[in-house]
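For reference, the structure is listed below as structure tokens.
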Amino acid sequence: MKRPKDYLIFPLDVPTYEEAIQCVETLKDHVGVFKVGLELFVSVGPKILKAIRERSAAGIFLDLKFHDIPATVKNAFLAASAYGVTFATVHCDEGKGLLRSVVENNPSGTKILAVTVLTSLESKDLKDLGYIDKYVKDITELVMLKARMAKEAGCSGVVCSGLEVEKVKAELGRDFLVVTPGIRPTWSLVGEDDQKRIITPYQAIKGGADYIVVGRPIRSAEKPIEATKRVLDEIEMAISE
Ligand code: C5P
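If you're matching positions, the sequence shown starts at 22 in this note's numbering and goes up one per residue.
Laid out in structure tokens, this is it:
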């Protein structure tokens, strides 16, 4: 049975090894997965993965959001898979063929999550990027297009906003994982924010999210452990109803 903390992914979005370790030590009993993203991995390198593993039983999500030509992504993913992490991400934008080649070259069985439409994007950004009206007017349509592609390619799931979770689950099934960043509790004190398609922890879990990524609402809180517990309470409320 999944406990509230198993739903919670904490992104280690800090620039140094020491700060990352401090976050791991502080939060290791309260989160299910630690996410290592571009900032930390580029700054510190793969030793951070070993360090997390030595200190915590939490899963590790290597979130490098690969996006390049197929040969490069395939080989980079092969290297990422060798770290034996629980999850890793690839953008959908190179198409189904690329996703399939990643799925087929994943010896350690890392769960491949396909990034659909970043939660920092909203309709006017899609318009600026030249997307057709259908997608500008309804981002969920674009998320679904990419999510279908990811499922057909054999990915374990997708990353999308909480606003799209219900539709992804309804169409692609309960076992197709949905990870939702852009989580903002009503009490969150994140200042200037780049996240646009946001939703609360309660709403995301209620909608069917398998995991929520909660970074700044915890990191920017005066008392991070208290903030984490408030997130866990919301998760608990959503799963117990
Ligand atoms: O909660 P907060 O906004 O701080 O979370 C930021 C994290 O969410 C970053 O690690 C970022 O990489 C991740 N993210 C993501 N997919 C998105 C948007 C953000 O994985 N679509």
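For each residue, glycine too, the CB sits at the ideal point set by N, CA and C.
For a quick check, are the C-beta atoms of S182 and S209 less than 9 angstroms apart?
As a first step, residue 182 is located in the sequence shown; it is residue number 161 there, counting from the start. As a first step, residue 209 is located in the sequence shown; it is residue number 188 there, counting from the start. Going by C-beta atoms, S182 is not nearer than 9 angstroms to S209.
According to DSSP, what are the bridge partners of P32?
As a working note, residue 32 is residue 11 in the sequence shown. DSSP lists K56 as partners of P32.
So what's K68 in DSSP terms, helix, strand or just coil?
In the sequence shown, residue 68 corresponds to position 47, counting from 1. Residue state, collapsed to three classes: helix.
Report, in whole angstroms, the separation of the C-beta atoms of D54 and I81, which I expect to be a contact under 8 angstroms.
Indexing the sequence shown from 1 puts residue 54 at position 33. Indexing the sequence shown from 1 puts residue 81 at position 60. According to the sequence provided, residue 54 is Val. The question's Asp does not apply to it. Their Cβ separation, rounded to whole angstroms, is 7 angstroms, which keeps V54 and I81 in contact under 8 angstroms.
Count the other CB atoms, across all protein chains shown, that sit within 10 Å of the CB of D84; report buried if there are 16 or more and exposed otherwise.
Numbered from 1 along the sequence shown, position 63 holds the residue referred to as residue 84. Burial call: buried.
Flag T140 as yes when its Cβ comes closer than 8 angstroms to any non-hydrogen atom of ligand 1, and as no otherwise.
Taking the first residue of the sequence shown as 1, we reach residue 140 at position 119. Answer for T140: yes, Cβ within range of ligand 1.
Just to confirm my understanding: we take T235, look at its own chain, exclude 5 residues before and 5 after, and list those with CB closer than 7 angstroms. What are they?
Sequence index remark: in the sequence shown, residue 235 carries index 214 (1-based). The identity of residue 235 in the sequence shown is Val, whereas the question assumes Thr. The answer, listed in chain order, is L29, F31, I204, P222, V252.
In three-state DSSP terms, what is D84?
The residue given as residue 84 occupies position 63 in the sequence shown. Reduced to three states, the DSSP call for D84 is strand.
Unbroken alpha helix (DSSP H) run spanning K145, endpoints
Residue numbering aside, residue 145 sits at position 124 when the sequence shown is read from its first letter. Note, K145: alpha helix (DSSP H), 144 to 149.
Can you list the alpha helix (DSSP H) stretches of 4 or more residues lying completely in the stretch 149 to 220, in chain order?
154 to 158, 160 to 174, 186 to 193
Apply the 10 Å Cβ neighbour rule to K56 and answer buried if 16 or more other Cβ atoms are within range, or exposed otherwise.
Against the sequence shown, residue 56 aligns to sequence position 35. K56 comes out buried.
When the Cα atoms are used, what is the spatial distance from A79 to L147?
Within the sequence shown, the letter at position 58 stands for residue 79. Within the sequence shown, the letter at position 126 stands for residue 147. C-alpha separation (whole angstroms): 36 angstroms.
Could you check whether F87 and A103 sit closer than 9 angstroms to each other, using their CB atoms as the reference points?
For this step, residue 103 is matched to residue 82 along the sequence shown. For this step, residue 87 is matched to residue 66 along the sequence shown. Contact flag unset, no.
Please classify A225: is it buried, with 16 or more other beta-carbons within 10 angstroms of its beta-carbon, or exposed?
Reading the sequence shown from its first residue, position 204 is the one you call residue 225. A225 should be labelled buried.
Could you check the C-alpha separation between D34 and T140 for me, to the nearest Å?
The residue labelled residue 34 in the question sits at position 13 within the sequence shown. The residue labelled residue 140 in the question sits at position 119 within the sequence shown. C-alpha separation (whole angstroms): 16 angstroms.
When burial is assigned at 16 or more other CB atoms within 10 Å of the CB, is T93 buried or exposed?
The residue given as residue 93 occupies position 72 in the sequence shown. Under this definition T93 is an exposed residue.
Could you tell me the boundaries of the beta strand (DSSP E) in which I133 lies?
Translated into the one-based positions of the sequence shown, residue 133 becomes position 112. 132 to 136 is the span of the beta strand (DSSP E), which, as asked, contains I133.
At least 3 beta-carbon pairs within less than 8 angstroms: the stretch 161 to 176 vs the stretch 190 to 198:
yes
Please tell me whether E262 and P25 are closer than 9 angstroms, where the distance is taken between their beta carbons.
Numbered from 1 along the sequence shown, position 241 holds the residue referred to as residue 262. Numbered from 1 along the sequence shown, position 4 holds the residue referred to as residue 25. No, the Cβ-Cβ distance between E262 and P25 is not below 9 angstroms.
Contact belief for K227 with A248 at Cβ below 8 angstroms, rounded distance in angstroms:
Here residue 227 refers to the residue found at position 206 when the sequence shown is read from its first residue. Here residue 248 refers to the residue found at position 227 when the sequence shown is read from its first residue. About 20 angstroms separates the two Cβ atoms, so there is no contact after all.
Tell me whether S182, by its Cβ, gets closer than 8 angstroms to a heavy atom of ligand 3.
Within the structure as shown, ligand 3 is missing, the only ligands being ligand 1.
Is any heavy atom in ligand 1 found nearer than 8 angstroms to the beta carbon of T110?
Here residue 110 refers to the residue found at position 89 of the sequence shown. Yes, since a heavy atom of ligand 1 falls inside the 8 angstroms radius drawn around the Cβ of T110.
Is the closest heavy atom of ligand 1 to the C-beta of G105 under 8 angstroms?
As a first step, residue 105 must be located in the sequence shown, where it is residue number 84. Not so, every heavy atom of ligand 1 lies at least 8 angstroms from the Cβ.
How many Å lie between V157 and T201 at the Cα?
Locating residue 157 in the sequence shown gives position 136, counting from the first residue. Locating residue 201 in the sequence shown gives position 180, counting from the first residue. Cα-Cα distance, rounded: 20 angstroms.
Nearest to E243 by alpha carbon, out of V211, R76, E125?
Taking the sequence shown and counting its residues from 1, the one referred to as residue 243 is at position 222. Out of V211, R76, E125, V211 has the C-alpha closest to the C-alpha of E243.
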